[in-house]
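Line by line, the protein sequences give chains A and B. 6 is the number of the first residue of the first sequence in the working numbering; add one for each residue after it. 140 is the number of the first residue of the second sequence in the working numbering; add one for each residue after it. Okay, structure first, notes after.
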Amino acid sequence: MLTVENTKQWLFTFADKIKENASYLSELDQEIGDGDHGSNMVRGVEAMEEKLNESDSSDVSEVFKTAAMSLLSKIGGASGPLYGSALIGMAKSAGEDDQDLATLLQAGLEGIQKRGQAEQGEKTLVDLWIPVIEAVQNNTLTKESVQKAVEQTKPLKATKGRASYYGERSIGHIDPGAASSGYLFEALLESGVVNG
Amino acid sequence: MKKIINDPKNLLHELLEGFVFTHHDLVDRLDGTNVIHRKYRNEGKVALVSGGGSGHEPAHAGFVGKGMLAAAVLGEVFTSPTPDQIVEAIKTADQGAGVLLIVKNYSGDIMNFDMAKDLAELEGITVDHVVVGDDISIEDTGSVGKRGVAGTVLVHKILGAAAENGMNLTDLKNLGEKLVSNIATIGVSLSPATVPEVGKPGFTLAEDELEYGVGIHGEAGYRREKIKPSYEIAEELVTQLKNHFNWAQGERFGIFVNGLGATPPMEQYIFMNDVQKLLAQDEIQVVYTKVGSYMTAIDMAGVSLTLIKMEDDEWTKLLNEPVDTPTTF
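This is the structure in structure tokens:
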């Protein structure tokens with residue numbers, strides 16, 4: 006069950022993880038992109054922490070909305086609109102009566118797909134969100150299952166985003182966006198929203 | 140990394156401040172944003188807005204002024220600007236006849252500009268866009284399409300002149316799309332670019348190697364070879380463009396040789412001379428020429444070659460109309 010407190014905790018834990026692993030994310034991006042995914046994400050989550058600390062949101066929807074606007078206005082590139090759209094989708098879902106985590110994450114995924122037009126198998130965030138949502142539905146989400154989903158982007162050939170210019174050469178590398186999303190779901194487990 | 144910078148985190152702000160201080164007669168920075176807008180206004184005419192990651196200077200801020208862009212939005216180095224910033228640019232630029240966004244074809248730019256377009260329309264501004272994809276180096280681009288590179292500047296120039304002359308939004312968009320289908324670019328890199336925040340080159344090339352088809356953010360090209368004379372490099376790039384256009388004797392083209400950042404004008408002119416010889420062999424009529432570093436990739440060495448097929452003589456005229464911008468094009 007999401008509350009204002011544990012949702013904020015989730016997002017703060019996500020921010021910590023991004024900051025801890027910024028160099029690793031940039032290294033992944035160096036392989037099949039332009040090497041700035043870590044620094045771009047850090048700029049976003051730092052702004053998000055600041056806004057969440059300032060705001061006294063009374064509902065979960067408001068928390069997601071605040072996070073969405075911070076990421077959207079600070080990350081830039083493709084990741085800004087994608088994370089922003091995910092959180093806007095989640096904010097809308099959280100505002101509805103029937104508040105179930107898998108439904109909420111599904112709304113986030115729909116936000117990502119509507120904005121980025123990516124399908125499963127194109128080596129993007131989508132390839133991480135889909136198995137994670139399935140695991141949430143089946144109550145099988147663990148840190149290991151998240152990391153496995155991140156690893157599973159490795160053999161894919163990128164057909165969306167900047168990595169697609171590498172064609173066949175994108176095979177064998179983890180998708181940086183899937184990796185940063187992996188931290189979002191590890192944070193979900195660590196903040197106690199779901200028990201892995 | 141050896142660069143004249145301070146903390147890379149402040150790079151964009153410092154670049155903008157230096158730019159506005161230098162060109163304050165023509166442009167200003169919109170308070171609290173990374174938007175450069177022109178001081179000149181032409182009420183009742185369509186305004187053009189472009190932008191993208193920084194690192195491509197003088198694109199795009201250098202082209203803000205009378206006869207080209209009404210505003211440019213800068214993102215972090217090689218990173219698309221955010222929707223909130225783009226919306227501010229649109230609002231400032233609007234002269235009451237709508238705003239045309241000129242967007243280079245990259246996933247990030249497309250998404251951020253699209254979101255901004257939606258937001259600006261909510262505020263009652265009519266917005267449309269032209270997406271520029273002119274880099275023909277990769278054939279199999281899947282669903283993402285061709286990247287936007289140096290040809291974008293030709294689109295700024297022609298549409299800028301047409302907007303200045305009073306063309307409406309719909310016609311500008313149509314003209315823009317027609318231009319994009321008649322512009323093609325291909326580049327060659329001799330050494331990679333270093334993004335300041337990353338601190339090391341985006342890829343590696345041996346001292347004696349070049350790579351054809353590299354993008355303006357260091358995206359991989361299509362072939363590596365030993366460095367060779369300018370004439371042979373020109374032969375490779377011109378052959379690619381010839382295959383693309385499938386040109387016939389007597390057709391009219393414009394040539395734009397663009398330096399990628401670290402290649403001096405001397406080499407750019409030598410390269411232009413080789414290109415013109417090759418076009419002359421095919422009896423192509425050259426009706427427009429431009430040489431210079433206008434769409435750079437920070438400190439990448441190399442050039443790109445853009446050709447525009449002049450389907451309409453009016454385009455040549457528009458390319459030659461005077462501008463009043465920080466960078467004259």
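Note that CB positions come from ideal geometry on N, CA and C, so glycine has one too.
For Phe190 of chain A, the enclosing alpha helix (DSSP H) stretches over residues 181-195. Contact between the region 414-425 of chain B and the region 266-283 of chain B is absent: fewer than three C-beta pairs spanning the two stretches fall below 8 Å. For a cut-off of 8 Å, the C-beta gap from Val270 of chain B to Val242 of chain B is around 5 Å, short enough to register as a contact.
Cβ-Cβ separation between Val137 of chain A and Ile117 of chain A: approximately 12 Å, too far for a contact (criterion under 8 Å).
With contacts defined by Cβ atoms closer than 8 Å, Gly341 of chain B and Ala332 of chain B form a contacting pair. Collapsing the DSSP output to three states places His199 of chain B in coil.
In terms of Cβ geometry, Thr378 of chain B and Ser78 of chain A do not form a close pair [threshold 8 Å]. The continuous alpha helix (DSSP H) containing Gly94 of chain A extends over residues 84-99.
For a Cβ distance threshold of 8 Å, residue set Glu215, Thr218 of chain B lies close to Asn45 of chain A, ordered along the chain.
Assignment of Ser169 of chain A by DSSP, reduced to helix, strand and coil, places it in the helix class. Only those residues of the region 227-261 of chain B whose C-beta falls short of 9 Å from the nearest C-beta of chain A are listed: Tyr245, Ser246, Gly247, Asp248, Ile249, Met250, Asn251, Asp253, Met254. Leu208 of chain B: not part of any alpha helix (DSSP H); DSSP gives it neither H nor E.
Within the region 155-179 of chain A, Thr164, Lys165, Gly166, Arg167, Ser169, Tyr170, Tyr171, Gly172, Arg174 place their CB atoms closer than 8 Å to a CB of chain B, listed in sequence order. Using a CB distance cut-off of 8 Å, Gly354 of chain B counts as an interface residue toward chain A.
Residue range 348-351 is occupied by the beta strand (DSSP E) that includes Tyr351 of chain B.
When only Cα atoms are considered, Ile249 of chain B and Gly49 of chain A end up about 19 Å apart.
Restricted to the region 265-353 of chain B, the alpha helix (DSSP H) segments that are unbroken, complete and at least 4 residues in length are 290-303, 308-319, listed in chain order. Here DSSP, grouped into helix, strand and coil, assigns Tyr29 of chain A to helix. With its beta carbon at least 8 Å from every one in chain B, Ala183 of chain A lies outside the interface. In the DSSP assignment, the residues bridged to Gly431 of chain B are B:Asn397.
Taking C-beta atoms as the reference points, Asp41 of chain A and Phe217 of chain B count as a pair closer than 8 Å.
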